[in-house]
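For the sequence shown, position 64 (counting from the first letter as 1) is numbered 64 according to UniProt numbering, and the numbering increases by one without interruption. Ideal Cβ positions, reconstructed from N, Cα and C, are used throughout, including at glycine. Treat the numbers as computed from the prediction; the structure is a model and nothing was measured. The structure under discussion appears below in the form of structure tokens.
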Amino acid sequence: MSEKSYMSGKPEVKSDYCVSYSPANSGGLSINIQSKTAILHGSKLNSITEETLLDLGIKNGKISIIDNGGQYFVLKARIEAVIKDAKPKLSRESLPPFKKYTQYNSSRDRFRRSRLYIPGNQAKLMLNAGIHQPDAIILDLEDSVAPSEKD
């Protein structure tokens, strides 16, 4: 493969990650994580990165991550986005496991009250979305994000 580098996210955005990936044919994985809070959760960031790359079947290449205080699910999404940008034909996904308490059947006639749509390009807005107590929080990646901003 070429020495081309792919990027997802912007390094200056708070509550987000900037992930860059350079594919390789051999040499294994090289993971570089820059985080001000690495002493607190650097091992968790590393394990999430390794797990996501394993789920996607990536065995070689260099991945660099700049942590600006984002949530772990944002990191998984950024890694998947940059890998799929580099390998558009890749059909594998990396999804977190369902929590046991979320696996239940809802009644069909349940009263539906509210949905909160959050723009997908502003991860910082997700942090306090729960204070409004919506029934659903929806990460909007279509209407609220300009086509030029989509990864």
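Asked	Found
By Cβ distance, which residues of its chain are closer than 8 angstroms to L116, with the 5 residues on each side in sequence left out?	A129, H132, P134, A136, I137, I138
With a Cβ-Cβ cutoff of 7 angstroms, do S8 and V19 count as a contact?	yes
At a cut of 8 angstroms, does the region 60-69 reach the region 30-45 through at least three beta carbon pairs?	yes
Sort out for me which residues DSSP pairs I33 with in a bridge.	I65
Smallest Cα separation from P96: which of P23, Q122, A38, E80?	E80
For L90, which three-state DSSP category applies?	coil
Report, in whole angstroms, the separation of the C-beta atoms of E149 and N121, which I expect to be a contact under 8 angstroms.	5 angstroms
Just to confirm, are S91 and L56 a CB contact at a threshold of 7 angstroms?	no
Can you tell me which of the three DSSP states M1 falls into?	Summary for M1: the model assigns pLDDT 46, below 50, so the residue's position carries little reliability; its value from the coordinates is reported in the next sentence. Reduced to three states, the DSSP call for M1 is coil.
Measuring CB to CB, does Y21 end up less than 7 angstroms from A86?	yes
Who are the near neighbours of D140 in its chain, counting only those whose CB is closer than 8 angstroms to its CB and skipping five residues on each side?	Y117, I118, P119, G120
Relative to the C-alpha of L45, which candidate in S106, K10, I58, G69 has its C-alpha closest?	G69
Provide the residue span of the alpha helix (DSSP H) that contains L141, from first to last.	No alpha helix (DSSP H) contains L141, which DSSP labels as neither H nor E.
Please identify the residue among S35, E3, G27, A24 whose C-alpha is closest to the C-alpha of E12.	S35
Name the DSSP beta bridge partners of V19, please?	S8, I65
Spatial neighbours of M1 within its chain, please: CB distance less than 8 angstroms, with the 5 preceding and 5 following residues excluded, ordered by chain position.	Confidence is the limiting factor: at M1 the pLDDT is only 46, short of 50, which leaves the residue's position unreliable, though a coordinate-based value still follows. Closer than 8 angstroms at the Cβ level, and outside the excluded window around M1, lie P23, A24, N25.
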